[in-house]
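Going by UniProt numbering, the letters in the sequence shown line up with residues 1 to 382, in that order.
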Amino acid sequence: MKHDRDVAIIGAGIAGSSLAKALADRGWDTVLFERKPFPRHKVCGEFLSPESQRMLQQLGLHGRVEALRPSRLPRTRLVIGSGEAIEIPLPGTALGISRYLLDSALLGAAIDAGVHVQTATAVTSVNPSEDGYTVETKQGDVRSTYRVRAVIAAWGANGHAGHTGGGRPDHSADLAYVGVKTHVGGIEMEPVVELYFFEGGYVGVSPVEGGLVNVAALLKRASFADSDKTIAGWIDAASRRNAMLKRRLAGALPVPGTQAAVAPVDLRRKPQAWGALPHVGDAALMIPPLCGDGMSMALRSALLCAPLADRCLRGEISLAGWQREYEQSIRREFYGPMQWGRLLHELLGMPVVPRLLLGAARLAPGLAYGLVKATRVKPADS
Numbered sequence: 001m002k003h004d005r006d007v008a009i010i011g012a013g014i015a016g017s018s019l020a021k022a023l024a025d026r027g028w029d030t031v032l033f034e035r036k037p038f039p040r041h042k043v044c045g046e047f048l049s050p051e052s053q054r055m056l057q058q059l060g061l062h063g064r065v066e067a068l069r070p071s072r073l074p075r076t077r078l079v080i081g082s083g084e085a086i087e088i089p090l091p092g093t094a095l096g097i098s099r100y101l102l103d104s105a106l107l108g109a110a111i112d113a114g115v116h117v118q119t120a121t122a123v124t125s126v127n128p129s130e131d132g133y134t135v136e137t138k139q140g141d142v143r144s145t146y147r148v149r150a151v152i153a154a155w156g157a158n159g160h161a162g163h164t165g166g167g168r169p170d171h172s173a174d175l176a177y178v179g180v181k182t183h184v185g186g187i188e189m190e191p192v193v194e195l196y197f198f199e200g201g202y203v204g205v206s207p208v209e210g211g212l213v214n215v216a217a218l219l220k221r222a223s224f225a226d227s228d229k230t231i232a233g234w235i236d237a238a239s240r241r242n243a244m245l246k247r248r249l250a251g252a253l254p255v256p257g258t259q260a261a262v263a264p265v266d267l268r269r270k271p272q273a274w275g276a277l278p279h280v281g282d283a284a285l286m287i288p289p290l291c292g293d294g295m296s297m298a299l300r301s302a303l304l305c306a307p308l309a310d311r312c313l314r315g316e317i318s319l320a321g322w323q324r325e326y327e328q329s330i331r332r333e334f335y336g337p338m339q340w341g342r343l344l345h346e347l348l349g350m351p352v353v354p355r356l357l358l359g360a361a362r363l364a365p366g367l368a369y370g371l372v373k374a375t376r377v378k379p380a381d382s
């Protein structure tokens, strides 16, 4: 089958669905491809930072998210292996919401805006053509060809790098991380995002919708090489390295079907706003999960990309102009938070530093708040 569209977006995560809706709202015939069944649970802290609220409003998505009845989280608590802890107020109220519900809501908003959605559909090739691109897809036994004027990559951190000349993640066992997550019931939590640190990684514990709690871990593979290679095994091994985490998870009951894992997670991957195609979300860059701003960055990248794509499709700027302006915007908006986030990630992974940082934060409370602010994406103004 052959189809003609204006824009194809590959990947229906937060960035892909938000961008697809934004372009459809501008009148462009948009198709959105997602290679896996949808919706599904994903490894994520499931934390929409305060800065994301304005972005959701600008994208016309805030009402959709509020309708999911997310948890409201005004502060974060950092707990190190010795049991010492410090609480830091967030610069506003964050929202705790599962990716299963959030991704489904954003995809629904895209469909309502007129986006053509193809799930369980693999993009097998993207090739430049005289007036844009030819996109080949496979859905079961059905192969289709799409002729489009623009293609945007929203395929995540470990996506279709081989099709575009982008760099692949580093699979070195001593450098890469594994991410795992599960929802649990059976534990009572305050409205707080908790981060538990220990040698070899950290675990985030925070309320989501429906009275459930999300438990998400980022673990250095080399440090947990002897652990049981199941999601429950990874989390149990992590809890043995932080007594307060073990106490927090005592009595926790995993919710069947909510488990997910991803590997490798390469936090050293160089940002790439544009390869052969423009990239949004994790395809463009990743910030360490401890910063809690990954979903905000996905929304912001969609907000940055949409008006430039619109101008290019209208003939107001060239493809080269779109690339230049988008790369400049990504660098301006994200490089500072990314560098601070990576520095904080490295420091908190050192044996002595977390205790020193907590001590310094108690002496100068503004220090901890300042570090949190340094890793945040600035609220969108336009």
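Even for Gly, the Cβ is constructed at its ideal location relative to N, Cα and C. The structure displayed is predicted, hence computed values, not measured ones.
- V193 is bridged by DSSP to T76.
- Taking C-beta atoms as the reference points, A105 and A24 fail to come closer than 8 Å.
- In the three-state DSSP reduction, D310 falls in the helix class (H, G or I).
- Rounded to whole angstroms, I317 and R311 show a C-alpha spacing of 6 Å.
- Minimum Cα-Cα distance from P256 among the listed residues L344, A154 and G185 corresponds to G185.
- In the same chain as A122, and ignoring 5 residues on each side of it, the C-beta atoms closer than 7 Å to its own belong to R35, T137 and K138, in chain order.
- Residue pairing by DSSP puts A217 in a beta bridge opposite V180 and V203.
- Excluding its 5 nearest sequence neighbours in each direction, K246 has C-beta neighbours in its own chain below 7 Å: S239 and R240, listed in chain order.
- Scanning its chain for C-beta atoms nearer than 6 Å, with the 5 sequence neighbours on each side dropped, one finds around L308 the residues W322, E325 and Y326, in chain order.
- DSSP places H116 inside the beta strand (DSSP E), whose first and last residues are H116 to Q118.
- If you look at K229, you'll find it isn't in any alpha helix (DSSP H); DSSP assigns it neither H nor E.
- Going by beta carbons, L68 and H62 fall outside the 8 Å limit.
- Note that the C-beta distance between S71 and L299 is not below 8 Å.
- For G185, the secondary structure class from DSSP, reduced to helix, strand or coil, is strand.
- Taking a contact as a CB-CB distance under 8 Å, the pair A250 and K181 does not count as one, their CB atoms being some 19 Å apart.
- Here the C-alpha atom of L303 lies approximately 7 Å from the C-alpha atom of L19.
- Measuring C-alpha to C-alpha distances from S49 to each of P39, G294 and R5 identifies G294 as the nearest.
- If you look at D112, you'll find it in the alpha helix (DSSP H) that goes R99 to D112.
- Nearest Cα to R268 within the set A252, P289 and R149: P289.
- In the structure shown, V65 adopts helical secondary structure according to DSSP, grouped into three states.
- A20: not part of any beta strand (DSSP E); member of the alpha helix (DSSP H) spanning I14 to D25, first to last residue.
- Rounded to whole angstroms, the gap between the alpha carbons of V215 and I235 is 8 Å.
- Under DSSP, no beta-bridge partner is assigned to S318.
- Looking at T124, R342, G211 and T119, the one whose alpha-carbon comes closest to that of A12 is T119.
- In this structure E46 is not in contact with I14, their Cβ atoms being roughly 11 Å apart against a cut-off of 8 Å.
- Taking the Cβ atoms as the reference, A284 lies roughly 6 Å from P271, within the contact range of under 8 Å.
- The shortest CA-to-CA distance from R314 to any of V280, G275, S17 and G27 is the one to G27.
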